[in-house]
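Residue numbers (our numbering): 784 to 955. To start, the structure itself, in structure tokens.
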């Protein structure tokens, strides 16, 4: 409700003021990223995008790899959920490429699962399968049963949608 939202905004504002006053830029960027999640949960796509983009900018300025990946993932998912597939694809590709450059195989694998979902929406099933295979290779090598299960589920979805020509509906 609006009362809870107003209370949460007060806490985020207090956090930002404290972080900025003390020069804690990581704290400031994390606060913005979390505040963006609150806007997204409330259905405020534009506000969420603006605030998370500010967080991404700060994380990039201070070269905070965990924050950069989190912000890119949040922006990718936010755009995907709102039917903005081109920006979503761009954010997930940035996440994938950034993780590859570090190198961060776990980040790459997670980005691959996100990329596969966007590509399925776009009807690019071959590319989706390629990213899923990359993710499965990582998850199998690291005995990540949850990750493997996620990929198998997405592979099944991809095969079904490709075979039937069914329009992808988001909802997972």
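Ideal Cβ positions, reconstructed from N, Cα and C, are used throughout, including at glycine. Fair warning: this is a prediction, and the values are worked out from it, not measured in the lab.
Quick one: what's got a C-beta closer than 7 angstroms to residue i's C-beta in the same chain, skipping five residues either side?
| i | result |
| --- | --- |
| residue 901 | 863, 868, 871, 872, 875 |
| residue 852 | 878, 881, 882, 890 |
| residue 935 | none |
| residue 799 | 811, 814 |
| residue 837 | 815 |
If you compare alpha carbons, which of the options is closest to residue i?
| i | options | result |
| --- | --- | --- |
| residue 835 | 800, 846, 850 | 850 |
| residue 908 | 929, 943, 917 | 943 |
| residue 967 | 786, 848, 840, 802 | A question about residue 967 goes unanswered here, because the residues of the chain that appear run from 784 up to 955. |
| residue 889 | 931, 837, 791 | 931 |
| residue 947 | 925, 919, 906, 920 | 906 |
| residue 895 | 790, 925, 937, 924 | 937 |
| residue 842 | 809, 856, 821 | 809 |
| residue 844 | 886, 788, 941, 807 | 807 |
Start and end of the alpha helix (DSSP H) containing residue i?
| i | result |
| --- | --- |
| residue 919 | 908-924 |
| residue 813 | 808-824 |
| residue 947 | 928-947 |
| residue 898 | 888-904 |
| residue 804 | 785-805 |
| residue 873 | 868-884 |
| residue 833 | 828-844 |
| residue 862 | 848-864 |
Any Cβ of chain C within less than 8 angstroms of the Cβ of residue i?
| i | result |
| --- | --- |
| residue 808 | Here chain C cannot be found, since the structure has a single protein chain. |
Would you tell me roughly how many angstroms separate the C-alpha atoms of residue i and residue j, rounded to the nearest one?
| i | j | result |
| --- | --- | --- |
| residue 927 | residue 911 | 20 angstroms |
| residue 796 | residue 847 | 22 angstroms |
| residue 929 | residue 816 | 26 angstroms |
| residue 856 | residue 839 | 10 angstroms |
| residue 823 | residue 790 | 16 angstroms |
| residue 830 | residue 805 | 25 angstroms |
| residue 788 | residue 802 | 21 angstroms |
| residue 955 | residue 940 | Residue placement at residue 955 is poorly supported in this model, since its pLDDT is 43, which falls under 50; the coordinates still yield a value, given next. Roughly 11 angstroms separates the two Cα atoms. |
| residue 919 | residue 793 | 43 angstroms |
Once you ignore the five residues that flank residue i on each side, which residues in its own chain have a CB closer than 8 angstroms to its CB?
| i | result |
| --- | --- |
| residue 832 | 819, 858, 861, 862 |
| residue 884 | none |
Which residues in the same chain as residue i place their Cβ atom closer than 6 angstroms to its Cβ, once the five residues preceding and following it in sequence are excluded?
| i | result |
| --- | --- |
| residue 828 | 865 |
| residue 921 | 888, 892 |
| residue 915 | 899, 934, 937, 938 |
| residue 897 | 859, 875 |
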